[in-house]
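What follows is a single structure, written as structure tokens, with notes after it.
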Amino acid sequence: MIKNLIHIILIIFIILPVTLLGQYTLDNTGGKINNMGTIKVKNGQTKALPDTIGGRVEFLQKSISSQQMIPNIVYNQLVIANDALKLISDERKDGDAVRSMVVRDSLIIENQANFTSRWIGLKSEEVHAKSSVTNTARYTNGKDLVLSGEEKAQDLLGNGSYTRIRVENKFGADVRGGGFTIEEQLTLKEGELRNNTDNNFTILDSSLIVRHVGGSIAHEPILENRISVHYLGDGSLTTGAEIPQSETALKNMRVNVSQSLSLDRNVYVVDSLEVGAYISAVNDTLILQGEINPDFTGGPSAEIDGNFRRNTLLTADTILLNNPYTWAYFPTEISKGGATSLVSTIRPLTFHELPAGDEKVRRSYVLWGLDPQGRQIEDGIAMNFGFGFRHLPNQTQDESNDLVPAEVILQRWINEQWLDIEPKSTEPQVDFGTGWASGMIEELNNFGVFALGMPGSTKYFYTFRASLYLEGPYRIGSRGFMTHDLWDRDLIAQADLTAYPTNLDLALTPDFLTQIPDSVVDIVVLEFRKERNAAPTFIKTGYLRYDGVFVDRFGSPEIRIDSLDGIAPQGGRFHVAVRHRNHSAVITEEPVEINNTTRELVYNLSDPSIVEGGAAALRLVYVDYDGNKIFALKGGFLADDAQGLSGQMNFLNNYTRDFEHRSAFLGFTREGYLNSDFNLSGIINTKDFNISWNNRGLK
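Spelled out as structure tokens, the structure:
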């Protein structure tokens, strides 16, 4: 009877405070609550409360050994008081996911209350506060207390404690009075958490501050000991008051923003550093105190631009610097020369502002060792040094500056000039997957200012661009594409560099085959002759890409020609010859210009208008209704006998006698990098013989 009477009162509305005695449970099954006053649940549990309840609701059960479940619904005002455990419900409605609790007006936690989800089997969600929060007790939840107001800033009052707080209000939140404690995590998702010296809070040891793009904090909180900081979000950030001023307070730092993090102060990291994005430390210094190397997790663009200091120099172990490709290695303690710290200032996409600085790789290097007193050490070391730079031809992030990566060496600025480092650097290798070129030098004896440049006194260079097609691999009807079966099947690496035509390039080494660019058809040799019948002035061996572009071993279409090749300072005019192992050799009828004005010009070396012999020297492989044509070097020419080789060498293209002395199907279905494989498919079959027979005029 009493229970039914209460239901009738609640269905109408409640204006005056209602006190539920300890022996009662508030059961609203089948009922309706329209609360405009205060409901006080002093003891026991509630059941079937509406999804949203107005007025003020107070959960007041006492006795530290008891529990009171707080429904995960939407409240207007919510008061959590007294020392019975106040458990955040994980109730599901109609089979849906667990709902977050929402408090639209004020949330008050007081009188020794423990507002918690930490109970066996409980899987509560977050608590969202839309207005002020006053806490003089405890909030202990594995999920955040979220300040998620949408219309104005929120106040955070009281001297209680929170396991986790998240600020997610574009208008921010204000600390009033302060004195509260965060035990595990502060998340700055959106808006500013405004605190100051007089209105501050404490973060306990080993806690974490997570700052997103769009979130911030006005003043450094009070630290019990050490914290970690994690940066997240889409966009860029500049460090702020979340970074401790103390040199020993920042335990770990993780940077995982989508664009970049800029330092606005010196940042000291005690233990670990994750570089998941581009970090700008141009005007300040990022200092890593411990021995653990930075973890570069953000892809090829993740690195530290500017000043990076390592304060622990291990012996006989790699010390990573500004990126995964730049490192130091001291084989012995003596090899450090007294240095206990190493400062590396590396600027991507930046030339040294020194004479001839713009002739180097577009990345600057400055290295200094420091003794225990912080004094610079310049020499007396024996350090192995690894260096890297971006090699991304035709892209804005490319730093090669038209230099061939394999040819650059480390140079040091001394006595007002760039001097090559001896012993010479190892030849840089290109990782095409990441777009990084990297090399190393052993026993670097000095710190100082460094660059990567061409050896000796090379002061000028030009670039040459070319395209051509081969008949065999041309994809019929493709309008400009060739197959790259040999590359797909890893057969190009089997090439015999001692055979024609690669044996003509005396500067070619086996290293040429250690890095093969993506989607290339085969190896092609270009000769540059000052006179048509003269010996080549220089030779460039490269690869023919599937789209007809001639590229170097690093995939660049800009073929570097400099003073070491014998070209004059003003450039030069050369007949350009094209050689391939089983296609016709051709040569330009007239010399072509190579100088500053032709840098962007692409010479089509299978164009009848510039090739000696015109269309007769080539094969027509494509024509459309508008009369657009594509010509290619003829397939089916071998240099396997004296006459064939003579024809290729002299551009006469005499048909080889090779097939006159064996049956047509000798070696049929043979696989590999074979001269009789005219269509460069990796296997000899009837399609290859059709090419050679057609070249003989057979139908």
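Each step along the sequence shown adds one to the number in numbering that gives the first Met the number 0, with nothing skipped, and position 488 is 487. Just so it is clear, CB atoms sit at the ideal spot from N, CA and C, and this is done for glycine as well.
*asked:* Suppose the cutoff is 7 Å on Cβ atoms and the five residues either side in sequence are ignored; what does the same chain contact list for residue 234 look like?
replied: As a first step, residue 234 must be located in the sequence shown, where it is residue number 235. Only 212, 256, 257, 258 meet the Cβ criterion.
*In whole angstroms, what is the alpha-carbon distance linking residue 487 and residue 415?*
For the purposes of this step, residue 487 is taken as the residue at position 488 of the sequence shown. For the purposes of this step, residue 415 is taken as the residue at position 416 of the sequence shown. One C-alpha to the other measures close to 50 Å.
_Alpha carbons only, please: which of 401, 180, 336 is nearest the one belonging to residue 377?_
Walking along the sequence shown from the start, residue 377 turns up at place 378. That would be 336, whose Cα lies nearest to the Cα of residue 377.
_Contact under 7 Å by Cβ, residue 383 with residue 441_ = Against the sequence shown, residue 383 aligns to sequence position 384. Against the sequence shown, residue 441 aligns to sequence position 442. Contact: yes.
*Would the beta-carbon of residue 630 fall within 7 Å of that of residue 651?*
Start at 1 with the first residue of the sequence shown, and residue 630 comes out as number 631. Start at 1 with the first residue of the sequence shown, and residue 651 comes out as number 652. Contact: no.
*What separation, rounded to the nearest whole angstrom, lies between the Cα atoms of residue 661 and residue 645?*
As a working note, residue 661 is residue 662 in the sequence shown. As a working note, residue 645 is residue 646 in the sequence shown. With a pLDDT of 49 at residue 661, under the threshold of 50, the predicted position of this residue should be treated as unreliable, and no value is reported.
_Residue range of the alpha helix (DSSP H) that includes residue 648_ = On the sequence shown, residue 648 is found 649 positions in, with the first residue counted as 1. First-last of the alpha helix (DSSP H) with residue 648: 641-648.
_Chain-order list of residues whose beta-carbon lies under 7 Å from that of residue 524 (same chain, five-residue window excluded)_ = Mapped onto the sequence shown, residue 524 falls at position 525. The residues are 500, 501, 503, 504, 538, 540, 578.
*Measure the alpha-carbon distance for residue 535 versus residue 506 and round it to whole angstroms.*
Walking along the sequence shown from the start, residue 535 turns up at place 536. Walking along the sequence shown from the start, residue 506 turns up at place 507. Those two C-alpha atoms are separated by around 13 Å.
_Nonlocal neighbours in the same chain, by C-beta distance under 6 Å from residue 555, ignoring five residues either side_ = The sequence position of residue 555 within the sequence shown is 556, counting from 1. Same-chain partners within the cutoff: 392.
*Close beta carbons around residue 602, own chain, < 6 Å, minus the five adjacent residues each side*: Taking the sequence shown and counting its residues from 1, the one referred to as residue 602 is at position 603. So the qualifying residues of the chain are 465, 591.
*Rounded Cβ spacing between residue 107 and residue 145 (contact assumed at less than 8 Å)*: Within the sequence shown, residue 107 is the residue found at index 108, counting from 1. Within the sequence shown, residue 145 is the residue found at index 146, counting from 1. Contact check for residue 107 and residue 145: beta-carbon distance about 17 Å, past the 8 Å limit, so the pair fails to qualify.
*Taking DSSP as the reference, what is the three-state secondary structure of residue 387?*
Your numbering for residue 387 matches position 388 in the sequence shown. Three-state result, residue 387: strand.
*Decide yes or no for the touch test of the stretch 580-588 against the stretch 550-565: beta carbon pairs closer than 8 Å, at least 3 of them.*
Contact fails: fewer than three Cβ-Cβ distances are below 8 Å.
_Run through the DSSP bridge pairs and tell me what residue 72 is partnered with._
Counting from one through the sequence shown, the residue named residue 72 turns up at place 73. In DSSP, residue 72 forms no bridge with anything.
*Which value, in whole angstroms, describes the spacing of the CA atoms of residue 375 and residue 367?*
In the sequence shown, residue 375 corresponds to position 376, counting from 1. In the sequence shown, residue 367 corresponds to position 368, counting from 1. Spanning the two alpha carbons is a distance of roughly 6 Å.
*Let me know the secondary structure DSSP gives residue 435 once reduced to three states.*
Counting from 1 along the sequence shown, the entry for residue 435 is found at position 436. Strand, per DSSP.
*Ends of the alpha helix (DSSP H) at residue 487?*
Your numbering for residue 487 matches position 488 in the sequence shown. Note, residue 487: alpha helix (DSSP H), 484-487.
*Just the C-alpha distance for residue 171 and residue 151, rounded to the nearest angstrom, thanks.*
Here residue 171 is taken as the residue at index 172 of the sequence shown, counted from 1. Here residue 151 is taken as the residue at index 152 of the sequence shown, counted from 1. Between residue 171 and residue 151, the C-alpha separation is close to 8 Å.
_Under DSSP, the beta strand (DSSP E) around residue 511 begins and ends at which residues?_
Taking the first residue of the sequence shown as position 1, residue 511 is located at position 512. Careful: residue 511 lies outside any beta strand (DSSP E) and carries neither H nor E.
_Quick check: is the beta carbon of residue 406 nearer than 7 Å to any beta carbon in chain D?_
The displayed structure is made up of one protein chain only, and chain D is not part of it.
*Secondary structure at residue 689, three-state DSSP: helix, strand or coil?*
As a position in the sequence shown, residue 689 is number 690, starting the count at 1. It is helical.
*asked:* Taking 8 Å as the cut-off, does the stretch 308-325 touch the stretch 349-362 (at least 3 CB pairs, one atom from each stretch)?
replied: no
*Pick from 670, 689, 615, 86 that is closest to residue 635, judged by C-alpha positions*: Reading the sequence shown from its first residue, position 636 is the one you call residue 635. Sorting 670, 689, 615, 86 by C-alpha distance to the C-alpha of residue 635 places 689 at the top.
*With 16 as the cutoff for other CB atoms within 10 Å, does residue 455 come out buried or exposed?*
Looking up residue 455 in the sequence shown gives position 456. The residue in question, residue 455, is exposed, as its Cβ has fewer than 16 Cβ neighbours within 10 Å.
*What does residue 522 pair with, by DSSP beta-bridge criteria?*
Position 523 of the sequence shown, counting from 1, holds the residue named residue 522. Paired residue(s): 542.
*Close beta carbons around residue 622, own chain, < 8 Å, minus the five adjacent residues each side*: Reading the sequence shown from its first residue, position 623 is the one you call residue 622. So the list reads 628, 629, once near-sequence residues are dropped.
*From this set, 48, 340, 453, which residue's C-alpha is nearest residue 72's C-alpha?*
Here residue 72 is taken as the residue at index 73 of the sequence shown, counted from 1. Among 48, 340, 453, the Cα nearest to that of residue 72 is on 48.
*First and last residue of the beta strand (DSSP E) that includes residue 699?*
Because the chain here runs from 0 to 698, residue 699 falls outside it and cannot be looked at.
*Which residues mark the beginning and the end of the beta strand (DSSP E) in which residue 267 is found?*
Position 268 of the sequence shown, counting from 1, holds the residue named residue 267. Taken as a continuous stretch (DSSP letters only), the beta strand (DSSP E) holding residue 267 covers 266-268.
*State the start and end residues of the unbroken beta strand (DSSP E) segment that holds residue 127.*
Along the sequence shown, one-based indexing puts residue 127 at 128. Its beta strand (DSSP E) spans residues 126-128.
*In this structure, does DSSP put residue 404 in helix, strand or coil?*
The count along the sequence shown starts at 1 and reaches residue 404 at position 405. Helix at residue 404.
*asked:* Can you tell me whether residue 624 is buried or exposed? The criterion is at least 16 other CB atoms within 10 Å of its CB, across all chains shown.
replied: Taking the sequence shown and counting its residues from 1, the one referred to as residue 624 is at position 625. When all chains shown are included, residue 624 counts as exposed.
*If you draw a straight line from the alpha carbon of residue 703 to that of residue 227, how long is it in whole angstroms?*
Since the first residue shown for the chain is 0 and the last is 698, residue 703 is missing from the structure and cannot be characterised.
*Taking all protein chains shown into account, decide if residue 245 is buried (16 or more other Cβ within 10 angstroms of its Cβ) or exposed.*
Walking along the sequence shown from the start, residue 245 turns up at place 246. So residue 245 counts as exposed.
*Would you call residue 418 buried or exposed, if buried means 16 or more other Cβ atoms sit within 10 Å of its Cβ?*
In the sequence shown, residue 418 corresponds to position 419, counting from 1. With fewer than 16 other Cβ atoms within 10 Å, it is exposed.
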